[in-house]
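Trainee: Which chain is which? The protein sequence lines are A and Z, in order. For reference, each letter of the first sequence is one residue, going 684 to 770 in the working numbering. For reference, each letter of the second sequence is one residue, going 231 to 460 in the working numbering. Positions of the beta carbon are idealized from the N, C-alpha and C atoms, including for glycine. In this text, all values refer to a predicted model and were calculated from it rather than measured experimentally. Supplied in structure tokens, the structure appears directly below.
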Amino acid sequence: MTRYRVAVHIVPRKGVLDPQGKAVADALHALGFGSVLDARVGRHLVLDVDAADARAAESSVRGMCDKLLANPVTEDYEIAGVSGGAS
Amino acid sequence: MKFGIVTFPGSNREIDASIAITQGVGAEVVHLWHKDHDLQGADVIVLPGGFSYGDYLRAGAIARFSPIMKEVSEHARRGGPVLGICNGFQILCEAHLLPGALLRNASLRFASQWVNLRVENADTMFTNAYEKGQLIRVPVAHGDGRYTADADTLKALEDRGQVTFRYVDRKGRPLPEANPNGSANDIAGILNDRGNVMGLMPHPEDAIDPLLGSTDGLGLFESLLARVAA
Numbered sequence: 684m685t686r687y688r689v690a691v692h693i694v695p696r697k698g699v700l701d702p703q704g705k706a707v708a709d710a711l712h713a714l715g716f717g718s719v720l721d722a723r724v725g726r727h728l729v730l731d732v733d734a735a736d737a738r739a740a741e742s743s744v745r746g747m748c749d750k751l752l753a754n755p756v757t758e759d760y761e762i763a764g765v766s767g768g769a770s
Numbered sequence: 231m232k233f234g235i236v237t238f239p240g241s242n243r244e245i246d247a248s249i250a251i252t253q254g255v256g257a258e259v260v261h262l263w264h265k266d267h268d269l270q271g272a273d274v275i276v277l278p279g280g281f282s283y284g285d286y287l288r289a290g291a292i293a294r295f296s297p298i299m300k301e302v303s304e305h306a307r308r309g310g311p312v313l314g315i316c317n318g319f320q321i322l323c324e325a326h327l328l329p330g331a332l333l334r335n336a337s338l339r340f341a342s343q344w345v346n347l348r349v350e351n352a353d354t355m356f357t358n359a360y361e362k363g364q365l366i367r368v369p370v371a372h373g374d375g376r377y378t379a380d381a382d383t384l385k386a387l388e389d390r391g392q393v394t395f396r397y398v399d400r401k402g403r404p405l406p407e408a409n410p411n412g413s414a415n416d417i418a419g420i421l422n423d424r425g426n427v428m429g430l431m432p433h434p435e436d437a438i439d440p441l442l443g444s445t446d447g448l449g450l451f452e453s454l455l456a457r458v459a460a
């Protein structure tokens, strides 16, 4: 088994009102960043897991997202990266 | 007739709920700890308000995996009454005992205020002491109370009379300014399809004495007492 670092992005699902994202976009507009079309605020999790290989590490984190880390009613998640193999 | 109130780390309205039940309607209360696996013969389970596990990750997301939630789910599956207030509502949604989810208030502000609710369905074990269309005044205190569900779920809730309470103004009109959190369809409380699990964001347990400004919350506990005792 090897230690892998898996990063996950969890963001409010499209169509779900994201007041934090809207507040951030409004603030950016007020600061002159007129190029901002949309902002969504979510969570970024970094998990160190023990796994046989990178695929198994990713697969186990997907299971964690489905069960606890993301709410399937309102959130989408994506695996942002898997690194490691070194401890 | 016994009410079991579950305390999680971070619950803070378990005493309020207990006072509403014992002093408000004269029923018996047993306090249950989230790590227990025993409902101690409680007929009605109450998940009280608070900030279980500090609302980490999402409100209710971690509490739903507390040991006692296994027994609470089984109790619900057997048709036993389960009432979730505020954080309890959030936990019931996370546990999939109720559909949908509760998200950050649209205002991004913590809402601590009195609200007017309209009783949308008085033919439930939680609301039979009220009249359909009755207006009641109760407080809310939450940061994550915006009820959200997909369009099909919302339609099913409405069509099947599973919306029990709706935010309205003093005159009973559902208006954006009467909705403290931006909930879909101004929903304040919902029932599961079987009618034995209800969640609501407002605090009926804090509207049980004229000194508190309202006694309108008593009806909820009277309803349960009447139905379960019958």
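Less than 7 Å between the beta carbons of HIS372/Z and CYS316/Z, yes or no?
Mentor: Residue 372/Z sits at position 142 when you count from the first residue of the second sequence. Residue 316/Z sits at position 86 when you count from the first residue of the second sequence. Yes.
Trainee: LEU338/Z versus chain A: which residues are under 7 Å apart at the beta carbon?
Mentor: Along the second sequence, read from residue 1 onward, the residue named residue 338/Z stands at position 108. Here the neighbours are PRO702, GLN703 and ALA706.
Trainee: Strictly under 7 Å for the Cβ-Cβ distance: is ALA331/Z near chain A by that measure?
Mentor: For the purposes of this step, residue 331/Z is taken as the residue at position 101 of the second sequence. Interface residue, yes.
Trainee: Using a beta-carbon distance below 7 Å, is VAL756/A in contact with chain Z?
Mentor: In the first sequence, counting from the first residue as 1, residue 756/A sits at position 73. Yes, because at least one Cβ of chain Z sits closer than 7 Å to the Cβ of VAL756/A.
Trainee: Since VAL699/A meets chain Z, which of its residues come closer than 8 Å, beta carbon to beta carbon?
Mentor: Residue mapping note: residue 699/A aligns to position 16 of the first sequence, counting from 1. Residues of chain Z passing the Cβ test: LEU333 and THR378.
Trainee: Could you tell me whether the Cβ atoms of SER248/Z and VAL259/Z are closer together than 7 Å?
Mentor: Position 18 of the second sequence holds residue 248/Z. Position 29 of the second sequence holds residue 259/Z. Yes, they are a contact pair.
Trainee: Kindly list the residues whose CB is nearer than 7 Å to the CB of ALA414/Z, restricted to its own chain and excluding five residues on each side of it in sequence; keep chain order.
Mentor: Position 184 of the second sequence, counting from 1, holds the residue named residue 414/Z. The residues are TYR377, THR378, ALA379 and LEU384.
Trainee: How is SER248/Z classed by DSSP in three states: helix, strand or coil?
Mentor: For the purposes of this step, residue 248/Z is taken as the residue at position 18 of the second sequence. In the structure shown, SER248/Z sits in a helix (DSSP, three-state: H, G or I).
Trainee: For ALA291/Z, which residues in chain A fall below 8 Å Cβ to Cβ?
Mentor: By 1-based counting over the second sequence, the position of residue 291/Z is 61. Those within 8 Å of ALA291/Z in chain A are LEU751 and ASN754.
Trainee: Starting from the N-terminal side, write out each stretch of the beta strand (DSSP E) that is 3 residues or longer and does not extend beyond the segment 367-454 of chain Z.
Mentor: Listed in chain order, the complete beta strand (DSSP E) runs (minimum 3 residues) inside the segment 367-454 of chain Z are 376-378, 393-398, 417-421 and 427-430.
Trainee: Using only alpha-carbon positions, find the residue among ARG403/Z, ALA331/Z and SER282/Z that is nearest to ALA213/Z.
Mentor: Because chain Z here runs from 231 to 460, residue 213/Z falls outside it and cannot be looked at.
Trainee: The beta strand (DSSP E) with GLY764/A in it runs from where to where?
Mentor: Within the first sequence, numbered from 1, the residue matching residue 764/A stands at position 81. From DSSP, the beta strand (DSSP E) with GLY764/A extends over 758-767.
Trainee: What does DSSP give as the partner residue(s) for ALA690/A in the beta ladder?
Mentor: The residue you call residue 690/A lines up with position 7 of the first sequence. Per DSSP, VAL729/A and GLY764/A.
Trainee: Counting beta carbon pairs with one atom in the segment 339-357 of chain Z and one in the segment 412-427 of chain Z, are three or more of them shorter than 8 Å?
Mentor: The segment 412-427 of chain Z is in contact with the segment 339-357 of chain Z.
Trainee: Give the residues from the segment 388-418 of chain Z that approach chain A closer than 8 Å (Cβ to any Cβ), ordered along the chain.
Mentor: Of all residues in the segment 388-418 of chain Z, GLY412 have a Cβ within less than 8 Å of some Cβ in chain A.
Trainee: Measuring straight from C-alpha to C-alpha, what distance separates ASN411/Z and ASP389/Z?
Mentor: For the purposes of this step, residue 411/Z is taken as the residue at position 181 of the second sequence. For the purposes of this step, residue 389/Z is taken as the residue at position 159 of the second sequence. Taking the straight line joining both Cα atoms gives about 23 Å.
Trainee: If you compare alpha carbons, which of ASP416/Z, VAL398/Z and LEU455/Z is closest to LEU387/Z?
Mentor: Looking up residue 387/Z in the second sequence gives position 157. Closest option to LEU387/Z, Cα to Cα, is ASP416/Z.
Trainee: Beta-carbon of ARG457/Z versus every beta-carbon of chain A: anything under 7 Å?
Mentor: Here residue 457/Z corresponds to residue number 227 of the second sequence, with the count starting at 1. No - not a single Cβ of chain A is within 7 Å of the one on ARG457/Z.
Trainee: Can you list the residues of chain A that ARG193/Z reaches, using a CB-CB cut of under 7 Å?
Mentor: For chain Z, the structure presents residues 231 to 460; residue 193/Z sits outside this window and is missing.
Trainee: Which residues bound the alpha helix (DSSP H) around ALA710/A?
Mentor: For the purposes of this step, residue 710/A is taken as residue 27 along the first sequence, with counting starting at 1. First-last of the alpha helix (DSSP H) with ALA710/A: 702-713.
Trainee: Could you check if TYR201/Z is buried or exposed, using at least 16 other CB atoms within 10 Å of its CB as the buried criterion?
Mentor: Past the edges of chain Z, shown from 231 to 460, lies residue 201/Z, and the structure says nothing about it.
Trainee: Would ARG348/Z and SER444/Z be called neighbours here (beta carbons separated by less than 7 Å)?
Mentor: Counting from 1 along the second sequence, the entry for residue 348/Z is found at position 118. Counting from 1 along the second sequence, the entry for residue 444/Z is found at position 214. Not a contact, by the Cβ cut-off of 7 Å.
Trainee: Go through its chain and collect everything with a Cβ distance to ASN346/Z's Cβ below 8 Å, but skip five positions before and after it.
Mentor: Here residue 346/Z refers to the residue found at position 116 when the second sequence is read from its first residue. Result list for ASN346/Z: LEU365, ILE366, ARG367, TYR397, VAL398, ASP399, ARG400, GLY402 and ALA408, in chain order.
Trainee: Work out the CA separation of LYS265/Z and SER296/Z for me, nearest whole Å.
Mentor: Residue numbering aside, residue 296/Z sits at position 66 when the second sequence is read from its first letter. Residue numbering aside, residue 265/Z sits at position 35 when the second sequence is read from its first letter. One C-alpha to the other measures close to 6 Å.
Trainee: Specify the secondary structure class of SER770/A as computed by DSSP and reduced to three states.
Mentor: Taking the first residue of the first sequence as 1, we reach residue 770/A at position 87. Since pLDDT at SER770/A reaches only 48, below the 50 mark, its modelled position is unreliable, and no value is offered.
Trainee: Give a yes or no on whether the C-beta atoms belonging to ILE275/Z and GLY309/Z are separated by under 7 Å.
Mentor: Position 45 of the second sequence, counted from the first residue, corresponds to residue 275/Z. Position 79 of the second sequence, counted from the first residue, corresponds to residue 309/Z. Not closer than 7 Å, so no.
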